[in-house]
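Written below as structure tokens is the structure these notes are about.
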Amino acid sequence: MNGPARTLAHPSHGFTSVRSIIASLPMENIDTDQIIPARFLKITDKAGLGEHVFEDLRRAPDGSLRADFPLNRSDRAGAAILVAGDNFGCGSSREHAAWALSGAGIRVVVSTSFADIFRGNALKNGILPVVLPAAEVRRLAGLDRTTTAVTVDLKTQEVQWPDGRASFQIDPFARACLLEGVDELGYILAHDDAITAFEQRRKGAAGA
Amino acid sequence: MSSSETVVPRTLFEKIWDSHLVVSEPGAPALLYIDLHLVHEVTSPQAFAGLRKRGLSVRRPGRTVATVDHSIPTLQGAQADPLAAAQIAMLEKNAAEFGIRLFGAGSPSQGIVHVIGPELGFTQPGMTIVCGDSHTSTHGAFGALAFGIGTSEVEHVLASQCILQHRPRTAEVRIEGTLQPGVTAKDVILALLAKIGIGGGTGHVFEYTGSTVRAFSMEERMTLCNMSIEGGARAGMIAPDDTTFAYMAGRKHDPGQFDDAVRNWRLLRTDPGAHYDMTISLDVANLPPMVTFGTNPGMGIPVTANIPEPGMAKDAAGRASLEKALAYMGLRPGTPIAGQPVQHAFIGSCTNGRLSDLRMAASILRGRKVAAGVRLLVVPGSQHVKRQAEQEGLDHVFKEAGGEWREPGCSMCIAMNGDDVPAGEYAVSTSNRNFEGRQGKGSRTFLASPLTAAAAAVAGTIVDVRTFV
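So the protein sequences, as listed, match chains A and B.
For the first sequence, position 37 (counting from the first letter as 1) is numbered 25 according to my numbering, and the numbering increases by one without interruption.
For the second sequence, position 320 (counting from the first letter as 1) is numbered 321 according to my numbering, and the numbering increases by one without interruption.
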């Protein structure tokens, strides 16, 4: 591979490691409608979504914050690592889900699996989706009442906590993009000649 | 090609993937060329803003088609709320500035993006098609590779006409059997989702095969492919055949030189002996109408069944998930799903908002009345569908039954346009998602076919439509 182009970098999209306490949402199939309900999609920018992340889970019908929702607990303030149930981010393709999580300070989501479109959207916004076996996910989720800090290190591809560690797999291209803080469009546009050649080849074939 | 060369059999997916590869390097995702990019008002503003910020243009405006559907009101003459209006105006501005064809508010071709693409002939076999909407899988019904993308990728495709993609795995979904009267393509996909769960297709592209699929019309095939994403699949596709070509003939934007096109399209089929990474079989000969009871589309049961007991779940997580779903829905385990009251019936959406869907609903509603206390909303998928339905007098059938006949749009499927279900109330919906809050904050959704939704509107409860036909 040529490596991601170094032009058009978005420094804010970079990721090397995160050290933080854990917030746990032990529910399966958290869909993107739950991450950010559709009524908040009537925007033309990315601002302000963070305050509405998980809006209908974190608020009671009267609008007050539910004391028992993990991200509302004062002891979870500053948590950048979210541990969630299987198939996180299923449903709608809305990238607003990644913007909302990012806006709320979430940098890592740990689960046993992620929906395809959400995984791609997360990576493009500096959020690392980490897949671990169920036992490790449960282990990490169990830290959500503690002040134990967990480190997620993209360079070593490891999650480290005081009495254990687990390694995770990540697509090498996405890893390189995150480590270097490069967005993908720069990489794509560096292939402009190949795209033009492809278009000309097809035009030739169609005319033949 | 010399006879000594071995031709490796390929699936339909592989043929389309291979023919769109621009760059394929080890260690990096493939760069895939996109033939058709569909754009709507909700997932595009930030992408156009990105282009503007970088001083980029749209590489192939002719391969880009835009419409307004998600946030546009469906009540005739209604004004969009200020935020939605700004979003719609933004798409108009972006389309004008970047030279993109827009079927906007007031256009005779406006409609839900996944309804107008096929009906105008933009959607064609063998294409790669993307849109910032997960139900882009709909277009796979034509033997296209079609999938939903995020807004960053919308920007990538606008700028480069390409997308970075890891090659997905393939799955054959073989569906066999002749459907019983009262059972539809929607019931088939709900049965498939109940079987595989909403994560069952993650990482895969589905190819639907088998006698049931071959017998389906294009509109039934679109309903099937539309909900592939609800099983987690990247896309769903069906090899094109005479049914496809008959639908394509004479469409406004068909490729021209139609006979040549058809000759090429006939090559778009999986070769004998080609390998799929996974195979799923479904026998639908005795399938009853299906309805969902829970808060994801995989939580479906036959309309004749009882609401499941969480204790029957295979593990603790499954039990917790069922308990949470039933608590949200306010349903008692072990009681029949038939007989559950509904206050709303929604017929429409990219899943079931086409002419054949409206005809099905009308076949039940003709000469009948919607039950007291039930609000019926019928929303055609496009202006074209609306005109056809009105020519057939279907609008009168709906209105005489006590329903509302609306302007085209996503309406109550996404509830960001003024159409929604109040908290705690129940809707039977022909749309695709029953997630918590999907049809409005606190809304409770039963997903079903147009036949079942129409019957439930008349009965005032979930009901077995076979008692009507």
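Glycine included, every Cβ here is placed at the ideal spot set by N, Cα and C.
For residue i versus residue j, is the C-beta spacing smaller than 8 Å?
i: residue 464 of chain B; j: residue 456 of chain B; result: yes
i: residue 72 of chain B; j: residue 138 of chain B; result: no
i: residue 88 of chain A; j: residue 23 of chain A; result: yes
i: residue 365 of chain B; j: residue 285 of chain B; result: no
i: residue 378 of chain B; j: residue 407 of chain B; result: yes
i: residue 199 of chain A; j: residue 66 of chain A; result: The structure shown has nothing for residue 199 of chain A, since chain A only spans -11 to 196.
i: residue 384 of chain B; j: residue 356 of chain B; result: no
i: residue 165 of chain B; j: residue 37 of chain B; result: no
i: residue 58 of chain A; j: residue 131 of chain A; result: no
i: residue 146 of chain B; j: residue 18 of chain B; result: yes
i: residue 176 of chain A; j: residue 135 of chain B; result: no
i: residue 281 of chain B; j: residue 197 of chain B; result: yes
i: residue 452 of chain B; j: residue 330 of chain B; result: no
i: residue 182 of chain A; j: residue 24 of chain B; result: yes
i: residue 417 of chain B; j: residue 26 of chain A; result: yes
i: residue 335 of chain B; j: residue 431 of chain B; result: no
i: residue 354 of chain B; j: residue 375 of chain B; result: no
i: residue 69 of chain A; j: residue 138 of chain A; result: yes
I'd like the list of long-range same chain contacts for residue i, defined as Cβ closer than 7 Å, with 5 residues on each side in sequence excluded.
i: residue 54 of chain A; result: 46, 47, 48, 60
i: residue 185 of chain A; result: none
i: residue 75 of chain A; result: 16, 17, 101, 103
i: residue 160 of chain A; result: none
i: residue 69 of chain B; result: 41, 42, 89, 92, 105, 106, 111
i: residue 161 of chain B; result: 60
i: residue 272 of chain B; result: 10, 11
i: residue -4 of chain A; result: Caution applies to residue -4 of chain A, whose pLDDT of 37 falls short of 50 and renders its modelled position unreliable; the model cannot decide the point.
i: residue 333 of chain B; result: 308
i: residue 148 of chain B; result: 131, 137, 138, 235, 236
Got a sec? Which residues, its chain only, sit under 8 Å from residue i by beta carbon, not counting five neighbours each side?
i: residue 373 of chain B; result: 461
i: residue 45 of chain B; result: 67, 92, 95, 133, 152, 155
i: residue 268 of chain B; result: 16
i: residue 428 of chain B; result: 343, 344, 345, 346, 347, 413, 422, 440, 444, 445, 446, 447
i: residue 254 of chain B; result: 121, 122, 123
i: residue 246 of chain B; result: 263, 266
i: residue 240 of chain B; result: 13, 144, 208, 210, 269, 270, 271
i: residue 90 of chain A; result: 38, 113, 114, 115
i: residue 230 of chain A; result: The requested residue 230 of chain A is not part of the displayed model; chain A covers only -11 to 196.
i: residue 182 of chain B; result: 467, 470
Going along chain A in order, which residues have a C-beta closer than 8 Å to the C-beta of residue i?
i: residue 84 of chain B; result: 30, 31
i: residue 98 of chain B; result: Within 8 Å Cβ-Cβ: nothing; residue 98 of chain B doesn't reach chain A, min ~14 Å.
i: residue 156 of chain B; result: 173
i: residue 46 of chain B; result: 31, 32, 33
i: residue 106 of chain B; result: Result: empty, since nearest Cβ-Cβ is about 15 Å, beyond 8 Å.
Using the beta-carbon of each residue, which ones in chain B are nearer than 8 Å to residue i?
i: residue 22 of chain A; result: 436, 437, 438
i: residue 25 of chain A; result: 438, 442
Cutting at 6 Å between CB atoms, please list the residues of its own chain near residue i, excluding the five before and the five after it.
i: residue -11 of chain A; result: Residue confidence is low: residue -11 of chain A scores 36 on pLDDT, short of 50, so the model does not pin down where it sits. Its coordinate-derived value is still stated next. Contacts found: none.
i: residue 192 of chain B; result: 288, 291
i: residue 146 of chain A; result: 153, 155
i: residue 297 of chain B; result: 199
i: residue 110 of chain A; result: 86, 117
i: residue 170 of chain B; result: 204, 205, 278
i: residue 28 of chain A; result: 40
i: residue 63 of chain A; result: none
List, in chain order, every chain A residue whose beta-carbon is nearer than 9 Å to that of residue i.
i: residue 160 of chain B; result: 173, 176, 177
i: residue 235 of chain B; result: 104, 105
i: residue 203 of chain B; result: 75, 78, 101, 102, 103, 104
List, in chain order, every chain A residue whose beta-carbon is nearer than 7 Å to that of residue i.
i: residue 30 of chain B; result: 161
i: residue 165 of chain B; result: 172, 176
i: residue 424 of chain B; result: 49
i: residue 34 of chain B; result: 186
i: residue 8 of chain B; result: Chain A residues near residue 8 of chain B: none, gap ~19 Å exceeds 7 Å.
Along chain B, in chain order, which residues have C-beta atoms closer than 9 Å to that of residue i?
i: residue 158 of chain A; result: Simply none; closest approach about 12 Å.
Taking 8 Å as the CB-CB cut-off, is residue i touching chain C?
i: residue 129 of chain B; result: No chain C is part of this structure, whose protein chains are labelled A and B.
What does residue i reach in chain B if we use C-beta pairs closer than 7 Å?
i: residue 69 of chain A; result: Simply none; closest approach about 20 Å.
i: residue 82 of chain A; result: 44
### Message
Measuring CB atoms only, is the segment 433 to 447 of chain B touching the segment 97 to 106 of chain B, in the sense that at least three cross pairs come out at less than 8 Å?
### Response
Under the three-pair Cβ rule at 8 Å, the segment 433 to 447 of chain B does not count as touching the segment 97 to 106 of chain B.
### Query
In chain order, which continuous runs of the beta strand (DSSP E) of length 3 or greater are located wholly inside the segment 99 to 127 of chain B?
As far as the segment 99 to 127 of chain B is concerned, its whole beta strand (DSSP E) runs of at least 3 residues are 102 to 104.
### Message
Across the segment 194 to 208 of chain B and the segment 310 to 317 of chain B, are there enough close Cβ pairs to call them in contact, namely three or more that are closer than 8 Å?
### Response
Remark: fewer than three beta-carbon pairs, one from each stretch, lie closer than 8 Å, so the segment 194 to 208 of chain B and the segment 310 to 317 of chain B are not flagged as touching.
### Message
Please give me, in chain order, every unbroken run of the beta strand (DSSP E) with length at least 3 that falls completely inside the segment 257 to 340 of chain B.
### Response
Counting only runs of 3 or more, we get 279 to 284, 291 to 293, 301 to 303.
### Within the segment 346 to 403 of chain B, ranges of the alpha helix (DSSP H) (whole runs, at least 4 residues)
The qualifying runs are 350 to 353, 356 to 366, 384 to 392, 395 to 401.
### Message
Contact between the segment 73 to 86 of chain B and the segment 119 to 126 of chain B is defined here as three or more beta-carbon pairs at a separation below 8 Å; is this criterion met?
### Response
The segment 73 to 86 of chain B vs the segment 119 to 126 of chain B: no contact.
### Message
Just to confirm the assignment: which complete alpha helix (DSSP H) runs, minimum length 4, are found wholly within the segment 134 to 183 of chain A?
### Response
The DSSP assignment places complete alpha helix (DSSP H) segments of no fewer than 4 residues inside the segment 134 to 183 of chain A at 160 to 168, 172 to 177, in order along the chain.
### Task
Taking only runs that begin and end inside the segment 41 to 108 of chain B, name each unbroken beta strand (DSSP E) of 3 or more residues, in chain order.
The segment 41 to 108 of chain B contains, as complete beta strand (DSSP E) runs of 3+ residues, the segments 65 to 68, 102 to 104 (chain order).
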